[in-house]
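All remarks here apply to the structure that follows.
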Amino acid sequence: MEQLMEVQLGAATMQEVASGIYAYVQPDGGWCLNNAGLILGGDQAVLVDTVATERRARALAKVVGELVPDGPDYLVNTHFHGDHTFGNSHFVPKATIIAHEHCAVEQIAAGTGLRSLWPEVEWGHTPVIGPTVTYRGEMTLHLGARRVELRHVGPAHTTGDTVVWLPDDGVLFTGDVVWSRTTPFCLMGSITGSIDTIGRLRDLGPQTVVPGHGQVGGIELLAQTESYLSWLLEVARDGLSAGRSVLETARSTDLGAFAELLDSERIVGNLHRAYAELADDPADAVVDIARAFGEMVEFGGPPPCHA
Ligand SMILES: [Zn+2]
């Protein structure tokens, strides 16, 4: 097991996707194996997200340190989830942590709750360190001549999602609003909000898309994520009109081509969110997150986490 973990850690790569813009990709992109990013400009650097465990944070800090020996000046958290934020402590106090104001609230509310889902994971020392600067709407960082635009989108994956857009280079860091060969997950955000958001991201015309999980790609990643979510919404509509529970709908659904995506059990969480969004009665619009996770386990067994 120890050896397997090392192999997986070693497989993480820092890829230069444009001059001075890097994607840190952790295969295979499944539960808690997220991507991060690094942007250089002028004499400053911005890190986009961190990683889930102390061991992975040290690995990220090492490779970041090869490019930025003093550490990044800013750290942008795309959203509050622990895989993207638990490593924050490894980059402070040098880095100013920036996030959307909802992210800050959600991060404090969530605390280290994610760890209880996978008690077998060696989380190490990963205290919850929240943003010191929050914004609403949009915010731009100026690294020399390079514009780094932070845009609040959604509700999409959560209610406090930030995408990082580099207009001069056509590079878009999407956080978990967009996924690559991995099942999208909107339990804590919105299915319809995600679809709307992806439409707006397409209008930016990105050439390079760094998703929250999985390999870097182009605009096709937007279409792939959107097609899953549109399909999911139809599955939810059919299930609701037939009077089926979320679990009954999940069990009777043929995933078709989407079966090839990692972590397909997320259909249960996604259906919970879709059912709530389609509900006539506002009382049905509240999603019990713990129950949804419980049903996900009931549906597919304990989800694998290789963090
Ligand atoms: Zn996430």
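Residues -16 to 290, numbered by our numbering, are exactly what the sequence shown covers, in order. The beta-carbon is built from N, C-alpha and C at its ideal position, and this holds for glycine as well.
Taking only the alpha-carbon atoms, compute the straight-line gap between residue 290 and residue 140 and give it to the nearest angstrom.
20 Å
In the DSSP assignment, the alpha helix (DSSP H) including residue 223 goes from what residue to what residue?
203 to 224
Ordered along the chain, which non-local residues of its own chain (more than five positions away) have a Cβ less than 7 Å from that of residue 4?
22, 149, 152 and 154
Quick test of your reading: residue 156 and residue 61, contact by CB under 8 Å. State the CB separation rounded to the nearest angstrom.
7 Å
Alpha carbon of residue 48 to alpha carbon of residue 261, nearest angstrom:
47 Å
Considering only C-alpha positions, which residue in the set 87, 136 and 106 is nearest to residue 117?
87
Can you tell me where the alpha helix (DSSP H) holding residue 259 begins and where it ends?
249 to 261
Assuming the contact rule is C-beta atoms closer than 8 Å, residue 177 and residue 212 should be a hit. Round their C-beta distance to whole Å, please.
5 Å
Sort 147, 77 and 126 by Cα distance to residue 120 and report the nearest one.
147
For residue 174, does the count of other Cβ atoms within 10 angstroms reach 16, so buried, or fall short, so exposed?
buried
Three-state secondary structure (DSSP) of residue 67
helix
Rounded to the nearest angstrom, how far is the Cβ of residue 137 from that of residue 159, given a contact under 8 Å?
That pair is no contact at about 11 Å.
Could you tell me the alpha carbon to alpha carbon distance between residue 57 and residue 43, rounded to whole angstroms?
15 Å
Would you kindly work out how many angstroms separate the C-alpha atoms of residue 78 and residue 27, rounded to a whole number?
11 Å
Consider the C-beta atom of residue 159 and the heavy atoms of ligand 1; say whether any pair is separated by less than 7 Å.
yes
Beta carbon of residue 291 nearer than 8 Å to that of residue 287
The requested residue 291 is not part of the displayed model; the chain covers only -16 to 290.
Output the distance between the C-alpha atoms of residue 106 and residue 225, rounded to the nearest integer angstrom.
43 Å
Which of helix, strand or coil does DSSP assign to residue 85?
helix
Could you give the C-beta distance for residue 209 and residue 251, rounded to a whole number, given that I count them as a contact under 8 Å?
No, residue 209 and residue 251 are not in contact; Cβ-Cβ is about 20 Å, not under 8 Å.
Let me check one thing: in DSSP terms, what residues is residue -2 bridge-paired to?
6
Can you tell me the Cα-Cα spacing of residue 281 and residue 25, whole angstroms?
51 Å
Regarding residue 176 and ligand 1, is the C-beta to nearest heavy atom distance less than 7 Å?
no
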